[in-house]
Structures are given as structure tokens and as C-alpha cells.
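See structure below.
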Amino acid sequence: MNFEKIIQQSLVNIVNELYHQDIDPTCLQVNKTRKDQEGDFTVVVFPLSKMVKASPEAIAGQLGDMLVKKLDILEKYNVVKGFLNLFLTNEVWLQYFKTIQSTDFRFFSQDTTQPVVVEFSSPNTNKPLHLGHVRNNLLGCSVCNILEANGHKVVRVNLVNDRGIHICKSMVAWLHSGDGETPKSSGMKGDHLVGKYYVEFDRLYKAEIAALTAQGMDKETAEKQAPILQEAQEMLRKWENGDPEVRSLWKQMNAWVYEGFDATYRRLGIAFDKIYYESDTYLLGKKMVEKGLQLGTFYHRADGAVCVDLKEEGLDEKVLLRSDGTSVYMTQDLGTAALRYKEYHPQKMIYIVGNEQNYHFDVLKIVLDKKLHLEWGKSIYHLSYGMVELPSGKMKSREGTVVDADDLMQSMVDIAEENTRQLGKTDFTADEISALAEMVGLGALKYFILKVDPKKNMMFNPEESIDMNGNTAPFIQYTHARISSLLRKAEASDIQVQASVPEIDIPDGEKQILRALYDYAGTLEQAGIEYSPALIANYAYNLVKLYNQFYQATPILREENNSLKLFRIQLSRVVARYIAHAMSLLGIAVPEKM
1334 MNFEKIIQQS
1344 LVNIVNELYH
1354 QDIDPTCLQV
1364 NKTRKDQEGD
1374 FTVVVFPLSK
1384 MVKASPEAIA
1394 GQLGDMLVKK
1404 LDILEKYNVV
1414 KGFLNLFLTN
1424 EVWLQYFKTI
1434 QSTDFRFFSQ
1444 DTTQPVVVEF
1454 SSPNTNKPLH
1464 LGHVRNNLLG
1474 CSVCNILEAN
1484 GHKVVRVNLV
1494 NDRGIHICKS
1504 MVAWLHSGDG
1514 ETPKSSGMKG
1524 DHLVGKYYVE
1534 FDRLYKAEIA
1544 ALTAQGMDKE
1554 TAEKQAPILQ
1564 EAQEMLRKWE
1574 NGDPEVRSLW
1584 KQMNAWVYEG
1594 FDATYRRLGI
1604 AFDKIYYESD
1614 TYLLGKKMVE
1624 KGLQLGTFYH
1634 RADGAVCVDL
1644 KEEGLDEKVL
1654 LRSDGTSVYM
1664 TQDLGTAALR
1674 YKEYHPQKMI
1684 YIVGNEQNYH
1694 FDVLKIVLDK
1704 KLHLEWGKSI
1714 YHLSYGMVEL
1724 PSGKMKSREG
1734 TVVDADDLMQ
1744 SMVDIAEENT
1754 RQLGKTDFTA
1764 DEISALAEMV
1774 GLGALKYFIL
1784 KVDPKKNMMF
1794 NPEESIDMNG
1804 NTAPFIQYTH
1814 ARISSLLRKA
1824 EASDIQVQAS
1834 VPEIDIPDGE
1844 KQILRALYDY
1854 AGTLEQAGIE
1864 YSPALIANYA
1874 YNLVKLYNQF
1884 YQATPILREE
1894 NNSLKLFRIQ
1904 LSRVVARYIA
1914 HAMSLLGIAV
1924 PEKM
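Counting the sequence shown from 1 gives a position; the numbering used here is that position plus 1333.
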């Protein structure tokens, strides 16, 4: 039921009838009425003033008269300074409420054609997942949920960056300092153990630079000539040549990391339909580079590197293969994109990657579309998101100053459990408190990150995220628990909440909530267009805030008018279902009691 489209189409016909003008429907925008005015929907008539040569107020009055006459969904209208405010009838709102009593939230027809492929996570196997990865994973998971709720078939994919110089750095450091240490012998998660040696490489590398500069070498030369860096570069060449010892160590250390990643993903609620590995796709990328050389759109530089000139596109020269023949990130991204297109023929390939890679994806799209002449290169979309910072500043993996994802999740759960115990909940078992703490702690983390527009940088504040007041998951979760408690009390009081909706004159407070519920489908559609979980998060908060105002000001179980009491209970139940659905799109569960 789309009231805006019904009104808009009727307006087009009325303008033609009254003024003998054919008008583009988009010129007559039907919007929600502002909070400082009365009404359900508002039409801005100023665009018609010049065409009709009349005042906006006069035009609004003429349109309002005709709309109320022609549309039985409208009860009345008013005009405020050229704004035409329209009021739906009580019967229309009652009928709308009846339709959403048992909604399955399938507002959109199912698109069974080409899928949307969404890549997210994309970790490196030289370190554990950290706070930056958390934002990436939560965005990816939620965007997929939102696209599916919009009727799209979605394929969730992950590209693991399991090869390259950074991976070799961890391996070299382990050979230098590891003394055979394993996850089992150390008691560390495998991804944490490998990350420890990535940090160790940086320590050893800096020590060698210092030693070389102390001997009189300039710093720039020392950074290139440091023996441990040259050892890592030689290891990468051996890896690409299939050296059995290097490959064996690589497989062993990567296996440690994958086991650690899996545990982190499970706790975050992240899953993938397919995982790609750079070690498999970089060779496909090399073949595509060869094709570009054959087409003459790529060329060999004097030092032997293969490049593409993008100056005509406003960029610069981009290296596609190093002078020693080893691959760069662009090499494997070309191969991975081609492989995905061959496997899925997607309508769109969405890459969820931080905004520091904007240039990279500009190059990828241009190379595929304009240099390799692959039409599907236009289907690539880079969902560029901002960085996550802490009050203490930026994080650096090689220096070990990152906020580890596992530690962060556990600290959030610990805070939630401590808060629950301080409230002295006597009707919870120890297991129930632990389960609630997991739900609230992880919910707080997810919501705080997802409520921010993806394009914006953000600062994560753990204490603020878990506050029971304000725009937080615990506030929303508590409201769901409050409604659940209300419904249990109604059941315990033998209040028979029938399926049929009572025929009442809906009071203004209840009507405000119905308007908010009506907005959900439009918000969900816009969130799918913009790939923005923030729209869903803030919708949930605004709905909860509105319901709490209603709850505080309005008697529900104590209401003497039985029909009105039943309506309010039914309305509360529907609000709880909408809260649960919206939060599920963010990967957040809501409790029955709290």
C-alpha cells in the first residue's frame, strides 16, 4: 500500500484536468508532513505557481478540493503557506493496521534474475581481525541483509589476501624468532600468534635500519637494503616459483590464521557463500595482464614492470606487474573480478572496502571497462566507508597498536554482564545473564558502528555505545523487552487479544506510531538504494523513541475502554515485531526480557 504514489498519480490527472497541463509526476513530490504541521502527507505546490500563473495558496486549495473529492482515502486537507497537507481517513489507517498485523516484511517482489555479489571482510593472513575489520564485516553483513529484504538474490563472498610481501614478513619473523612456537604450544589463537610475528618483523626491521644508519648508510638506502626485508622479498619470489619449503610454511601458518578467523566470524555472526583466495586468483590476473599487452592497452616500462597509462582518465600510470614479475593487489583483483563474473553473471559487484582504497577501485573499473573492453566492468561498485578511530587515535597493525576484534567483543560482553549484575536481576539464572550479556554487548558494538553513515569516519566509544539511554542498541533492546513484558502481563491477566482489529477512532498518539510503521518500507527501500544500514538503525531508534513517549503518556493495560485497550496491545505487539526485524537486518538480536 503506497499512499504517496496513489496521491501523486491523482495529482497528475487533476493538474491536467484543471490546468490542461501535462506534468512530470516527479515535479509533484508527496512527502511526510513535517512534525511542526498537521497532516499525514504534504504536497509542495510551488513548482506549479509559474506554470499556472496563480499563487501557491490558491493552487493548493484547488488541488486539495479535487483530491478529497476524488480519493476516498483522504478525509480533509489544509494549506499552510503553499504547502498542501493531506489527512488520511480513520478507516484507511484501520485497514492499513489490519494488513500489518501478520506481515512477513516482504514489501518488494523477489528479483530472481542476476544476483548481487557483495565482497566484504577481505582480511590479510598476517594478523587477526581488528576494529577496522569489524566495521567492514558488520557493514557487509547488514548490506547483504538489506538487499535480500529488498528482494535481491545476494551472494556473500570473501577474498582472503593470503599471499604477498606482508604475509612473507610474518613468516620470516617466525623463522627468526619463533623457535617452533605454535597455537597449541603458546595457548594463543592462531591469527593472534601470526600477528605477533608481523609486529616482530617490524621490530627487527627497524633495528637493522638503525644499525645500518649507525654505520653511515643514509636512511632511504638502509630501508631498502635491510637484510630482513630482502629476505622477505626473496621469500615472495620463491613462493611465486612454488618453492616447496616456503609453500609448506605458508600453508601451516595460514591454517593457524583461518582457524582463528573462523572463531571470530562465528561470534560476530558473519558467514559467506564463497571464499576466494588471492593465491588462486592472482594467476588469472596475470593472464588478463597478458591480454592487455596483446591489445596494446598495457605496456612494459623500461625496468620491466607492466603498466597502464590512465592520464586520459585523470589518473596516472598504474603498475600491474612488478619488474621482477610478481603480482600487485590490482593483478589479483582483475582475476577475481573476472572469475566472479564467469561464475555468477551478477547485475552488480559490490566491494566493501575502506576509503583509503578509492583510487584502487577507480583504476579497477577503468581498466576492466575501458582498457580490457569488458562491458561488465561497469557493474563494479565500491562501497567506500570511513575509518574507525579511537579516542587515543589511529591504529597501526605493524606497530601492534590495533584494537583486536576478539578482545573488543569480549570487553563489550564483560561490560554488559557487569551492568546486568549491578542491576541485581533476581529472575535471571547465571546462564541467562551470560546469554543476555552476549546479546547486549555485541548488539551495542554492532549498532554503534552501523548507526553512522558508512561514508563518514567515526570514533568508537565503548562506554557510550552500551549506555542504556540515547541512540544505542541497549535502549532499543530494552524497549523490545518492555513490550514483551507488557504482552506477558496481558496474557497473565486473561486479556483476550483477538486477531481482528477493533473498529475505533484512532487517537493522535497511536496514529503517530502507525505513520512511523508505514515509513518502514520506504526506509528499507532507501537503505537498499544507498547501501546504508544507518538508515535502518536510526529508523529503529526513532520508532522506539516514539513508542516510549506513547508508553509513558498513555495507559495500556489500565485503559477502561476495552476496544482501545485491545488496539493498544495489538499496536505494541506490531511495534515489537518491527523493532525485531529492523535490528535483525543489523545482525542484532533483541531479548524477551532484560
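For glycine and all other residues, C-beta sits at the position ideal for the given N, C-alpha and C. Quick caveat, the model's predicted, so the values are computed rather than measured.
{"Item": "According to DSSP, is glutamate 1732 helix, strand or coil?", "Value": "Model confidence at glutamate 1732 stands at a pLDDT of 48, short of 50, so the residue's coordinates are unreliable; what they give is reported in the following sentence. Correct three-state label for glutamate 1732: coil."}
{"Item": "Leaving out five residues on either side along the sequence, give the residues of the same chain with a beta carbon under 8 Å from the beta carbon of aspartate 1576.", "Value": "none"}
{"Item": "For lysine 1727, which of helix, strand or coil comes out of DSSP?", "Value": "Legend: pLDDT at lysine 1727 = 48, less than 50; position of this residue unreliable, value from coordinates given subsequently. Coil."}
{"Item": "Rounded to whole angstroms, how far is the Cβ of isoleucine 1902 from the Cβ of isoleucine 1846, which I believe are closer than 8 Å?", "Value": "The Cβ separation is near 13 Å, so there is no contact."}
{"Item": "Between which two residues does the alpha helix (DSSP H) holding tyrosine 1874 run?", "Value": "1866-1886"}
{"Item": "Can you tell me whether asparagine 1894 is buried or exposed? The criterion is at least 16 other CB atoms within 10 Å of its CB, across all chains shown.", "Value": "exposed"}
{"Item": "Report, in whole angstroms, the separation of the C-beta atoms of leucine 1421 and phenylalanine 1336, which I expect to be a contact under 8 Å.", "Value": "7 Å"}
{"Item": "Please identify the residue among Gln1563, Ile1561, Lys1539, Glu1564 whose C-alpha is closest to the C-alpha of lysine 1552.", "Value": "Lys1539"}
{"Item": "Report all residues from its chain with a CB closer than 7 Å to the CB of alanine 1559; omit the five preceding and five following residues, and keep chain order.", "Value": "Tyr1538, Glu1541, Ile1542, Leu1545"}
{"Item": "Under 8 Å, with one C-beta from each stretch per pair, do the stretch 1875-1891 and the stretch 1735-1744 reach the 3-pair mark?", "Value": "no"}
{"Item": "At what residue ranges does the stretch 1685-1773 contain a whole run of the alpha helix (DSSP H), taking only runs of 4 or more?", "Value": "1691-1699, 1738-1755"}
{"Item": "Quick check on glutamine 1810: buried or exposed, where buried means 16 or more other Cβ atoms within 10 Å of its Cβ?", "Value": "buried"}
{"Item": "Do you know whose CA, among Asp1764, Lys1522, Lys1822, Trp1709, lies nearest methionine 1586's CA?", "Value": "Lys1522"}
{"Item": "Three or more C-beta pairs under 8 Å: does that hold for the stretch 1443-1450 against the stretch 1472-1490?", "Value": "yes"}
{"Item": "When we look at the beta-carbon of lysine 1729 and count the other beta-carbons within 10 Å, is it buried (16 or more) or exposed?", "Value": "Residue confidence is low: lysine 1729 scores 48 on pLDDT, short of 50, so the model does not pin down where it sits. Its coordinate-derived value is still stated next. Exposed: under 16 other Cβ atoms inside 10 Å."}
{"Item": "List the endpoints of the continuous alpha helix (DSSP H) containing phenylalanine 1900.", "Value": "1895-1918"}
{"Item": "Select from Leu1899, Asn1752, Glu1578 the residue whose C-alpha is nearest the C-alpha of aspartate 1800.", "Value": "Asn1752"}
{"Item": "Is the beta carbon of valine 1527 closer than 8 Å to that of serine 1503?", "Value": "yes"}
{"Item": "Please determine, among Leu1672, Ser1581, Leu1562, the residue with the shortest C-alpha to C-alpha distance to lysine 1607.", "Value": "Leu1672"}
{"Item": "With the cut-off set at 8 Å, would you say proline 1866 and asparagine 1794 are in Cβ contact?", "Value": "no"}
{"Item": "Would you identify the three-state DSSP class for lysine 1619, choosing helix, strand or coil?", "Value": "helix"}
{"Item": "Mind listing, in chain order, the continuous beta strand (DSSP E) runs of no fewer than 3 residues lying wholly within the stretch 1485-1571?", "Value": "1487-1493"}
{"Item": "For serine 1442, name the three-state secondary structure that DSSP assigns.", "Value": "coil"}
{"Item": "Can you say whether tyrosine 1619 is buried or exposed, counting buried as having 16 or more other CB atoms within 10 angstroms of its CB?", "Value": "Position check: residue 1619 holds lysine in this sequence, whereas tyrosine was assumed. Per the 10 Å Cβ criterion, buried."}
{"Item": "Helix, strand or coil for serine 1798, going by three-state DSSP, please let me know.", "Value": "helix"}
{"Item": "I'd like the span of the alpha helix (DSSP H) that includes leucine 1850, first residue to last.", "Value": "1841-1863"}
{"Item": "So, at 6 Å on beta carbons, what are the nonlocal neighbours of leucine 1344 in its own chain, with the 5 sequence-adjacent residues on each side left out?", "Value": "Leu1361"}
{"Item": "Considering only residues of the same chain and omitting the five flanking positions on each side of alanine 1873, which have a CB-CB separation below 7 Å?", "Value": "Ile1809, Ile1912, Ala1915, Met1916"}
{"Item": "Ignore the nearest five residues each way along the sequence and tell me which others in cysteine 1501's own chain have a CB closer than 6 Å to its CB.", "Value": "Ala1565, Met1568, Leu1569"}
{"Item": "Look up lysine 1789 in the DSSP assignment and say whether it is helix, strand or coil.", "Value": "coil"}
{"Item": "Rounded to whole angstroms, what is the Cα-Cα separation between asparagine 1688 and proline 1787?", "Value": "10 Å"}
{"Item": "In angstroms with no decimal places, state the Cα-to-Cα distance between leucine 1899 and phenylalanine 1379.", "Value": "43 Å"}
{"Item": "Excluding the 5 residues flanking tyrosine 1610 on each side, which residues of the same chain have their C-beta closer than 7 Å to its C-beta?", "Value": "Val1493, Asp1495"}
{"Item": "Helix, strand or coil: which one does DSSP assign to isoleucine 1603?", "Value": "coil"}
{"Item": "In terms of alpha-carbon separation, which member of Ile1603, Phe1605, Leu1653, Tyr1718 lies closest to leucine 1616?", "Value": "Leu1653"}
{"Item": "Verify whether the separation of the beta carbon atoms of isoleucine 1433 and isoleucine 1339 is less than 8 Å.", "Value": "no"}
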